[in-house]
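**Student:**
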Amino acid sequence: MGIGRRVADKKGKDISESPQETNTNSKSKKNRRRQKKMSPVQKLFKTCKEVFASGGPGIVPPPQDIEKLRAVLDAITPEDVGLKPDMPYFRTNTIQSFPRITYLHIYECPEFSMGIFCLPPSGAIPLHNHPGMTVFSKLLFGTMHIKSYDWVADLPPQTPASLQPMEIQSAEVRLAKVKVDADFTAPCSPSILYPADGGNMHCFTAVTACAVLDVLGPPYSDQDGRHCSYYLNYPFSNFSVDGICTAEEEKKIHEWLQEKEKPEDLEVVGHHLSLI
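Right, here's the structure in full:
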């Protein structure tokens, strides 16, 4: 077979092998061209399909998949999604007390969703959770304050013995530990939160005009019990709960969270963004 191949190479024609080689070479070239044409957002979409293919509520992708998706997300720029800080999405309406948030929907399926939150200066997304989800967030531009929490493990909701110095709407509160409380300015590394840690409850406040690209796996689904819950937060010293004692330095990084209805002043307008 080796001799026949060498002879075919010399003559430049081999009826049994040349067409197959030409076919393979042609396909290889097409694949290379297709890879070259793939945009950063299309690459993100393809990576999400691979990473979340066998996922589900509470299932965290393997570390190598987490890193692969993080790296792809980290490479995306505002230019890749066609956004600039001077666009209408990022302007503050002086008539509104609370700036309107715009959500640019890119893609959603049962396994994951992709979208971009556009926040004008002072725009805020209140404290909320991500039940059973692994969430990747990339700040595309701007400066944003992020505060996030994780529940204190093995401590269910409590009924405070004391409601001083203020009464609350319901009796139950739950202790959470502050994971992050800081300003972030783009460019910065994507943040990743997990179903039980990494800051599963968080809130965003735009210091300047901001755009945040979010990937959720799996996405919210009311019919599957993954609805978005909102919370009030209170200092640890606000309530006294029997049997819970915390050292002084620990009190600073622990707060009580209380579930509440969706804020009436939260206005999120949705638009579709065709990028894949």
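Okay, so the sequence shown: first residue is 270 according to this note's numbering, each after it adds one. Here a beta-carbon is modelled for each residue, glycine too, at the ideal position from N, C-alpha and C.
(1) Pull up the distance between the alpha-carbon of Tyr-500 and that of Leu-444, whole angstroms please.
(2) Please report how far the alpha carbon of Ser-509 lies from the alpha carbon of Pro-429, in whole angstroms.
(3) Use the C-beta contact count for His-540: other C-beta atoms within 10 angstroms, 16 or more gives buried, fewer gives exposed.
(4) Return the chain-ordered list of same chain residues with a C-beta closer than 6 angstroms to the C-beta of Pro-488, the five sequence neighbours on each side being excluded.
(5) Could you check the C-alpha separation between Ser-366 and Val-537 for me, to the nearest Å?
(6) Spatial neighbours of Pro-426 within its chain, please: C-beta separation below 8 angstroms, excluding the five flanking residues on both sides.
(7) Got a sec, what are the start and stop residues for the alpha helix (DSSP H) Phe-542 sits in?
(8) Which complete alpha helix (DSSP H) runs does the stretch 328 to 410 hold, if anything under 4 residues is left out?
(9) Report the three-state DSSP secondary structure of Phe-508 (helix, strand or coil).
(10) Drop a sphere of 10 angstroms on the beta-carbon of Met-356, count the other beta-carbons inside from all chains shown, and report buried for 16 or more, exposed for fewer.
(11) Count the C-beta pairs between the stretch 318 to 338 and the stretch 393 to 404 that are closer than 8 angstroms, then say yes if the count reaches three, no if not.
(12) For His-414 versus Ser-498, is the C-beta spacing smaller than 8 angstroms?
(13) Given a threshold of 16 other Cβ atoms within 10 Å of its Cβ, counted over all protein chains shown, does Cys-317 qualify as buried or as exposed?
(14) Can you find the residues in the same chain that come closer than 6 angstroms, C-beta to C-beta, to Val-320, ignoring five residues on each side of it along the sequence?
(15) Met-307: which of Trp-525, Ser-323, Glu-336 and Ile-345 sits nearest, CA to CA?
(16) Under 7 angstroms Cβ to Cβ from Arg-369, same chain only, skipping five residues before and after it: list those, please.
(17) Should Thr-454 and Pro-390 be called a contact, given that it needs their Cβ atoms to be closer than 8 angstroms?
(18) Once you ignore the five residues that flank Ser-460 on each side, which residues in its own chain have a CB closer than 6 angstroms to its CB?
(19) Is DSSP giving Lys-312 helix, strand or coil here?
(20) From which residue to which residue does the beta strand (DSSP E) around Leu-526 run?
(21) Under 6 angstroms Cβ to Cβ from Leu-352, same chain only, skipping five residues before and after it: list those, please.
(22) Could you give the distance in angstroms between the alpha-carbon of Asp-466 and the alpha-carbon of Trp-420?
(23) Between which two residues does the beta strand (DSSP E) holding Ser-417 run?
**Tutor:** Reading off the structure:
(1) Your numbering for residue 500 matches position 231 in the sequence shown. Your numbering for residue 444 matches position 175 in the sequence shown. Roughly 12 angstroms between the two C-alpha positions.
(2) Locating residue 509 in the sequence shown gives position 240, counting from the first residue. Locating residue 429 in the sequence shown gives position 160, counting from the first residue. Roughly 6 angstroms between the two C-alpha positions.
(3) As a first step, residue 540 is located in the sequence shown; it is residue number 271 there, counting from the start. It counts as exposed.
(4) Taking the first residue of the sequence shown as position 1, residue 488 is located at position 219. The residues are Glu-377 and Ser-382.
(5) On the sequence shown, residue 366 is found 97 positions in, with the first residue counted as 1. On the sequence shown, residue 537 is found 268 positions in, with the first residue counted as 1. Spanning the two alpha carbons is a distance of roughly 14 angstroms.
(6) For the purposes of this step, residue 426 is identified with residue 157 of the sequence shown, where counting begins at 1. Counting only Cβ-Cβ distances below 8 angstroms, and skipping sequence neighbours, we find Glu-441, Val-442 and Arg-443.
(7) Translated into the one-based positions of the sequence shown, residue 542 becomes position 273. Here residue 542 is Leu; the residue named in the question, Phe, does not match the sequence. No alpha helix (DSSP H) holds Leu-542; DSSP gives it neither H nor E.
(8) 332 to 343 and 347 to 350
(9) The residue given as residue 508 occupies position 239 in the sequence shown. It is coil, neither helix nor strand.
(10) As a working mapping, residue 356 is identified with position 87 in the sequence shown. Met-356 should be labelled exposed.
(11) Inter-segment contact for the stretch 318 to 338 and the stretch 393 to 404 is present: three or more beta-carbon pairs are separated by less than 8 angstroms.
(12) As a position in the sequence shown, residue 414 is number 145, starting the count at 1. As a position in the sequence shown, residue 498 is number 229, starting the count at 1. Not in contact: His-414 and Ser-498 (Cβ atoms no closer than 8 angstroms).
(13) Numbered from its first residue, the sequence shown carries residue 317 at position 48. Counting the other CB atoms within 10 Å of its CB gives Cys-317 a total of 16 or more, which places it among the buried residues.
(14) For the purposes of this step, residue 320 is taken as the residue at position 51 of the sequence shown. For Val-320, where only same-chain residues beyond five positions count, the Cβ hits under 6 angstroms are Pro-330, Asp-334 and Leu-338.
(15) Within the sequence shown, numbered from 1, the residue matching residue 307 stands at position 38. Looking at the Cα atoms, Ile-345 is the closest of the given residues.
(16) Residue 369 sits at position 100 when you count from the first residue of the sequence shown. The residues are Asn-362, Glu-536 and Val-538.
(17) Within the sequence shown, residue 454 is the residue found at index 185, counting from 1. Within the sequence shown, residue 390 is the residue found at index 121, counting from 1. No. Outside cutoff.
(18) Sequence index remark: in the sequence shown, residue 460 carries index 191 (1-based). These residues qualify, in order along the chain: Ser-406.
(19) To locate residue 312, count along the sequence shown from 1; it is residue 43. If DSSP states are grouped into helix, strand and coil, Lys-312 belongs with the helices.
(20) Here the question's residue 526 lines up with position 257 in the sequence shown. Where Leu-526 is concerned, the enclosing beta strand (DSSP E) stretches over 523 to 529.
(21) Locating residue 352 in the sequence shown gives position 83, counting from the first residue. So the list reads Ala-480, once near-sequence residues are dropped.
(22) Position 197 of the sequence shown holds residue 466. Position 151 of the sequence shown holds residue 420. Taking the straight line from one Cα to the other gives about 8 angstroms.
(23) What you label residue 417 is simply residue 148 of the sequence shown in a count that begins at 1. Its beta strand (DSSP E) spans residues 412 to 420.
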